[in-house]
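Residue numbers (the working numbering): 9 to 332.
Even for Gly, the Cβ is constructed at its ideal location relative to N, Cα and C.
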């Protein structure tokens with residue numbers, strides 16, 4: 009069988025990036041001594057998934073700068089600096105709404121600079137694409153390492169990471185000058201939290217041009233456990249601006265992603281197009297994307313380890329395809 013065009017897609021989800029990062033550590037260990045940036049032809053990410061995508065592809069000469077373990081460490085060690093005091097906010101502590109954002113970008117930008125340095129986006133070791141949304145022009149934007157893959161290329165990896173992860177109400181937008189435009193970029197999860205469909209479209213085009221089959225690995229950041237309808241008292245809390253905003257963001261993040269998965273699962277034929285979706289519920293962990301408490305991060309890590317164990321057969325199949 010011809011070597012497939014191999015695509016990795018990573019969801020958004022804030023601190024829940026612990027989950028795909030843990031899966032990637034296991035996958036890279038199976039592929040050792042090769043690194044993930046050398047076996048995937050294209051890596052697509054949204055928000056926290058975009059940060060991981062960029063971290064995997066930042067170069068150190070001709071080789072990847074970071075192993076997957078470093079991207080997991082990004083969440084384990086830097087989460088609290090990025091989301092200080094994160095998690096659900098009592099109604100008595102929502103004065104930050106007057107400023108429009110809950111967090112300063114300082115912690116995030118310092119962590120990104122440590123991970124990505126001043127590396128140009130075009131220096132990525134393999135094709136990398138991250139999603140964003142332009143509030144100024146009201147349109148989706150794709151930032152890419154290659155001009156043919158997206159709209160914006162001439163930025164640093166740090167700027168691309170900020171643009172894809174600037175969740176409204178959490179971080180201020182990233183301003184990017186693009187030709188005659190001044191773009192105001194925010195989190196790509198506003199329209200594509202699960203970027204697997206974008207990965208499929210770009211990958212299918214490249215695979216067709218090179219007459220290769222396509223293989224797509226899609227990593228989720230966890231879903232809520234199934235639950236009964238909210239009690240009336242909790243529904244009433246939706247009137248609070250902070251709670252309502254979180255609920256809307258969660259709805260956008262989950263609805264489109266599930267539809268993308270259903271479509272891709274139907275398209276997969278096991279030969280010319282192979283597709284894997286590795287996803288789990290967060291169980292007893294907090295689903296809140298900014299709950300950076302040590303307890304929640306540890307809980308998410310254990311949840312991710314459970315996913316790796318449960319998906320051992322799928323990870324073995326993925327390893328076989330990537331090693332081809």
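Between the C-alpha atoms of residue i and residue j, what's the straight-line distance to the nearest angstrom?
i: residue 301; j: residue 88; result: 7 Å
i: residue 309; j: residue 27; result: 6 Å
i: residue 32; j: residue 159; result: 28 Å
i: residue 42; j: residue 36; result: 7 Å
i: residue 74; j: residue 205; result: 27 Å
i: residue 231; j: residue 56; result: 15 Å
i: residue 138; j: residue 183; result: 16 Å
i: residue 157; j: residue 234; result: 37 Å
i: residue 176; j: residue 210; result: 27 Å
i: residue 178; j: residue 17; result: 24 Å
i: residue 154; j: residue 129; result: 9 Å
i: residue 199; j: residue 148; result: 7 Å
i: residue 103; j: residue 272; result: Summary for residue 103: the model assigns pLDDT 44, below 50, so the residue's position carries little reliability, and this model does not support an answer.
i: residue 117; j: residue 169; result: 9 Å
i: residue 120; j: residue 166; result: 6 Å
i: residue 123; j: residue 222; result: 30 Å
i: residue 187; j: residue 303; result: 45 Å
i: residue 126; j: residue 113; result: 17 Å
By the three-class DSSP mapping on this structure, what secondary structure does residue i have?
i: residue 220; result: coil
i: residue 122; result: helix
i: residue 79; result: helix
i: residue 142; result: strand
i: residue 150; result: strand
i: residue 98; result: Model confidence at residue 98 stands at a pLDDT of 46, short of 50, so the residue's coordinates are unreliable; what they give is reported in the following sentence. Of the three classes helix, strand and coil, the one that applies to residue 98 here is coil, per DSSP.
i: residue 14; result: strand
i: residue 177; result: coil
i: residue 105; result: Confidence in residue 105 is poor, its pLDDT being 45 and thus under 50, which makes the residue's placement too unreliable to answer from.
i: residue 134; result: coil
i: residue 127; result: coil
i: residue 110; result: coil
i: residue 65; result: helix
i: residue 226; result: strand
Nearest by alpha-carbon distance to residue i: which of the options is it?
i: residue 224; options: 46, 329, 36 and 69; result: 329
i: residue 325; options: 18, 24 and 38; result: 38
i: residue 321; options: 110, 120 and 34; result: 34
i: residue 283; options: 85, 274 and 119; result: 274
i: residue 305; options: 71, 291 and 318; result: 291
i: residue 288; options: 299, 313, 109 and 267; result: 313
i: residue 86; options: 70, 59, 109 and 72; result: 59
Since residue i is in the alpha helix (DSSP H), which residue starts that stretch and which ends it?
i: residue 287; result: Premise fails: residue 287 is in no alpha helix (DSSP H) and is neither H nor E.
i: residue 320; result: 320-330
i: residue 173; result: 165-173
i: residue 38; result: 26-39
Taking 8 Å as the threshold (C-beta atoms), are residue j and residue i in contact?
i: residue 202; j: residue 49; result: no
i: residue 30; j: residue 80; result: yes
i: residue 145; j: residue 78; result: no
i: residue 140; j: residue 66; result: no
i: residue 143; j: residue 171; result: no
i: residue 13; j: residue 214; result: yes
i: residue 82; j: residue 23; result: no
i: residue 315; j: residue 270; result: no
Tell me the residue span of the beta strand (DSSP E) that contains residue i.
i: residue 50; result: 50-54
i: residue 190; result: 189-195
i: residue 185; result: 182-186
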